[in-house]
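Notes to accompany the following structure.
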Ligand SMILES: Nc1ncnc2c1ncn2[C@@H]1O[C@H](COP(=O)(O)OP(=O)(O)O)[C@@H](O)[C@H]1O
Ligand SMILES: Nc1ncnc2c1ncn2[C@@H]1O[C@H](COP(=O)(O)OP(=O)(O)O)[C@@H](O)[C@H]1O
């Protein structure tokens, strides 16, 4: 598998670290894993650490937007961190940077959510 | 450049570390660098550390054999170290392992030559 | 368009070309990205340049696979790439379903597959990450994407004049 | 040999194929190695398996470039690769000068280019690193190398029967 996800819970917040290539092939894995956490495990907020991604394209934008909708519908928030320059540009171009909170590091992201 | 060579002198012994891909394209660089040391800088012995190689094919065998001939003609020796399993097989298949001294590490290689 | 014998001109260090053809299945967009990365590596691209080019190629190839062939009808995708005079030109061709309204398709956020969570940002990203983008398409015949970008570090000395 | 439409069979997870065509210039052997590595990566090869396959492909492609076209006459090299039922088949084709005495050429340590410090080990390595090696050649027409190797970890469950 070209992508792996490592998640850990901090109370009602889940931190997920994406490692590898986030593209059409790995989209289903990311969607299913995060959807499970949001809808079944009922986490409140999500921190997505993208610093381990060696690649991401617009497929990732669509998947993140989908999770954004699911979590905000339940009153939660998504904070993303660890964006490479190219991934940051994807966020800009798609407008994702206007709706999602972008933090410089995982620690900052947790602070935004009042954890740590 | 897909290959780089870092060399250091220990008296009359030169240690060269090859890093990257040793193939037809990088062959000239290896040949010229080592030939210069053997023929012009008149080193006695050569330690070749191959642990940084991510690739090597039969082109490398030919280049190493050429240097082996040059240095033994002058009474010197070549000791190689840091062979990956696949590179070790190349040495076996070509018979290079029967004529060259193969040491497990650079330290062992230097010891064989009475340095360090 | 690869002929049978390039002239010796083609062997000048600055010039290179390749054509990669593969089956339209999810996963092969990674193959396409690796091939483009290997082709441009000798020109010493910056990490960002490399990332952006890989992303643009990935968008075009992913579109061919999931929109052109809808990921299961089968078919081949062709990726052609040429580096000449310091400019990378990439062509991605499919013989899939084609695009009926090109202007609409190229609009940011427009997608015909919201069910797949597509973002509709593919063409926008290709446009932004490359210098030029041309899209040709005929319904039921297929789609051809032509994009080009000047590589930052031109290694061919003849380019310095 | 890539047709226009593979059947849906072709989309079974275990099957894949690609064809890469590139100009015969030194440096493009790395491109060929990257493409093969990317093609077989999803089958989870061991590091040694991957290294040996890359080496065999590199030998065939290097030969096409330096012997087939003598590195400067120009021309194209074609690399075809198919993974089917857990077996990788690789074909390397050139339209170069060809080989007049095949038995002699395949002997270990035989080389026509000692001036280039060739070791004459190319064919021996291809034979040892792959399960099967077929060499076809016609003087002035070109050379075709066909080699295959079973991949250690077969991911297609239909292979387990
Ligand atoms: N190769 C193609 N074949 C058929 N239709 C395509 C192709 N490429 C793009 N399209 C159409 O153009 C639309 C917009 O493409 P794009 O901007 O890449 O967004 P997305 O892929 O997220 O849908 C697609 O939804 C699809 O309808
Ligand atoms: N594609 C080819 N076209 C023409 N001649 C070839 C080709 N491949 C191999 N040969 C001939 O076969 C000989 C042996 O090849 P090989 O075992 O790979 O050793 P080497 O490449 O070190 O010479 C070469 O020296 C060359 O004369």
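Chains as they are written, first to last, in full-length UniProt numbering: chain A, 1 to 116; chain B, 1 to 116; chain C, 1 to 161; chain D, 1 to 161.
Cβ atoms here follow ideal geometry from the backbone N, Cα and C, with glycine treated the same way.
Quiz item: Where residue 72 of chain C and residue 62 of chain B are concerned, what is the direct C-alpha to C-alpha distance, given to the nearest angstrom?
Solution: Using only the alpha carbons, I get a separation of about 48 Å.
Quiz item: Based on Cα-Cα distance, which residue from D:41, D:46 and D:63 lies nearest to residue 120 of chain D?
Solution: Measuring C-alpha to C-alpha distances from residue 120 of chain D to each of D:41, D:46 and D:63 identifies D:63 as the nearest.
Practice problem: Just the chain C side, please: which residues come within less than 9 Å of residue 55 of chain A by C-beta, in chain order? | Solution: Going along chain C in sequence order, the residues near residue 55 of chain A (Cβ under 9 Å) are 30, 33, 51, 54, 55 and 58.
Quiz item: List, in order along the chain, the chain C residues whose C-beta lies closer than 7 Å to that of residue 27 of chain D?
Solution: Going along chain C in sequence order, the residues near residue 27 of chain D (Cβ under 7 Å) are 42.
Exercise. Please indicate yes or no: does the CB of residue 98 of chain D lie closer than 8 Å to some heavy atom of ligand 1?
Key: No, ligand 1 has no heavy atom inside 8 Å of this Cβ.
Quiz item: Does the Cβ-Cβ distance between residue 87 of chain D and residue 148 of chain D come in under 9 Å?
Solution: Contact flag set, yes.
Exercise. Specify whether the stretch 52 to 59 of chain D and the stretch 22 to 40 of chain D touch according to this definition: at least 3 beta carbon pairs, one from each stretch, less than 8 Å apart.
Key: The stretch 52 to 59 of chain D is in contact with the stretch 22 to 40 of chain D.
Quiz item: Taking the beta strand (DSSP E) that residue 62 of chain C falls in, what are its first and last residues?
Solution: Per DSSP, residue 62 of chain C is not a residue of any beta strand (DSSP E); the alpha helix (DSSP H) it occupies stretches across 47 to 63.
Quiz prompt | Boundaries of the beta strand (DSSP E) in which residue 20 of chain D is found, first to last residue | solution = That run of the beta strand (DSSP E) goes 16 to 23.
Quiz item: Looking at the structure shown, is residue 128 of chain D part of a helix, part of a strand, or coil, going by DSSP?
Solution: For residue 128 of chain D, the three-state secondary structure derived from DSSP is helix.
Quiz item: Just to check, is the beta-carbon of residue 128 of chain D closer than 8 Å to a non-hydrogen atom of ligand 2?
Solution: When distances are taken from the beta-carbon of residue 128 of chain D to the heavy atoms of ligand 2, even the shortest one reaches 8 Å or more.
Quiz item: With DSSP run on the structure shown, which of helix, strand or coil describes residue 11 of chain B?
Solution: Residue 11 of chain B: coil per DSSP, three-state reduction.
Exercise. Thinking residue 102 of chain D and residue 135 of chain D are a contact (beta carbons under 8 Å), I'd like their distance in whole angstroms, please.
Key: Right, their Cβ atoms sit about 6 Å apart.
Quiz item: Is residue 60 of chain B helix, strand or coil by DSSP?
Solution: Residue 60 of chain B: helix per DSSP, three-state reduction.
Quiz item: Nearest to residue 42 of chain A by CA position, among A:52, A:84 and A:67, is which residue?
Solution: It is A:67 whose Cα lies nearest to the Cα of residue 42 of chain A.
Quiz item: CB residue 162 of chain C to CB residue 74 of chain C, shorter than 9 Å?
Solution: Chain C is shown from 1 up to 161; residue 162 of chain C falls before or after that span and cannot be answered.
Quiz item: Shorter than 9 Å from the beta carbon of residue 154 of chain C to some beta carbon of chain A?
Solution: Its pLDDT being 35, under 50, residue 154 of chain C is placed unreliably by the model, and nothing is read from it.
Practice problem: Could you work out which residues of chain B lie near residue 48 of chain D, taking near to mean beta carbons separated by less than 7 Å? | Solution: Near residue 48 of chain D (Cβ distances below 7 Å), the residues of chain B are 85 and 86.
Quiz item: Closest by CA to residue 139 of chain C, which one among C:105, C:50 and C:14?
Solution: The residue among C:105, C:50 and C:14 with its C-alpha nearest the C-alpha of residue 139 of chain C is C:105.
Self-check item: Euclidean distance between Cα positions of residue 3 of chain D and residue 125 of chain D
Solution: Confidence is the limiting factor: at residue 3 of chain D the pLDDT is only 41, short of 50, which leaves the residue's position unreliable and the question unanswerable from this model.
Exercise. Note down, in chain order, each residue of its chain lying with its Cβ closer than 6 Å to the Cβ of residue 8 of chain B, except the 5 sequence neighbours on either side.
Key: In chain order, 15 place their CB closer than 6 Å to the CB of residue 8 of chain B, counting only its own chain and leaving out the 5 sequence neighbours on each side.
Quiz item: Is residue 65 of chain B buried or exposed, if buried means 16 or more other CB atoms sit within 10 Å of its CB?
Solution: Counting C-beta atoms within 10 angstroms of its own C-beta, residue 65 of chain B has 16 or more neighbours from the protein chains shown and is therefore classed as buried.
Quiz prompt | Contact set for residue 6 of chain B: own chain, Cβ-Cβ below 6 Å, skip 5 residues either direction | solution = Contacts found: 17.
Quiz item: By how many angstroms is the C-alpha of residue 114 of chain D removed from the C-alpha of residue 32 of chain A?
Solution: Going by the C-alpha atoms only, they are around 58 Å apart.
Practice problem: Report all residues from its chain with a CB closer than 8 Å to the CB of residue 21 of chain C; omit the five preceding and five following residues, and keep chain order. | Solution: For residue 21 of chain C, where only same-chain residues beyond five positions count, the Cβ hits under 8 Å are 76, 77, 78 and 79.
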